[in-house]
Amino acid sequence: MVSGQIKPNTVYEDKDVLAFKDINPQAPLHVLVIPKRHIATLNDLADGDADLIGKLMKAAVRIAGESGLAKSGYRTVMNCNADAGQSVFHIHMHVLGGRNMHWPPG
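Going by the working numbering, the first residue of the sequence shown is number 1239, and it counts up by one from there.
So this is what it looks like as structure tokens:
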């Protein structure tokens, strides 16, 4: 998607981050926020990647706000490796909202 070979339904983009609607949404709002630089899992983050992770979070906040969910609430999720549910090995943050979220998540 970052390379442009697959055209996502983009909701936000800057020089470091791409955010697009999930093709299999689990909530009325389900957006994936990814870094444009490839990082396979959270375990592969380098010491200098803190700013990049912060940019993913700031993009999630912006998307939730633009979707009218900042006040009512939304969830952000990042999975690491197969047992946690990671099926695409490029780190990504799920931004979910627009319905009541339950705990524990699953």
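Idealized CB from N, CA, C, for every residue including glycine. Only a predicted model underlies this, so the values are computations on that prediction, with no experimental measurement involved.
Between the alpha carbons of Ala1278 and Ile1272 lies a distance of about 11 Å.
Taking 9 Å as the cut-off, the Cβ atoms of Val1255 and Lys1274 count as close. In the DSSP annotation of this structure, the continuous segment of the beta strand (DSSP E) that includes Val1271 starts and ends at Leu1267 to Pro1273.
Spatial neighbours of Met1295 in its own chain (CB-CB distance under 8 Å, excluding positions within 5 residues in sequence) are listed in chain order as Thr1314 and Met1331. Here the alpha carbon of Phe1258 sits roughly 5 Å from the alpha carbon of Val1269.
In the three-state scheme derived from DSSP, where H, G and I count as helix and E and B as strand, Leu1290 is classed as helix. Put simply, the backbone Cα of Gln1324 is about 22 Å away from that of Val1299. When DSSP states are grouped into helix, strand and coil, Lys1253 belongs to the coil group. For Thr1314, the enclosing beta strand (DSSP E) has its first and last residue at Tyr1312 to Val1315. Per the coordinates, the alpha-carbon of Pro1263 lies some 32 Å from the alpha-carbon of Gly1286. In summary, Ala1322 is exposed, with fewer than 16 beta-carbon neighbours lying within 10 Å of its beta-carbon over all protein chains present.
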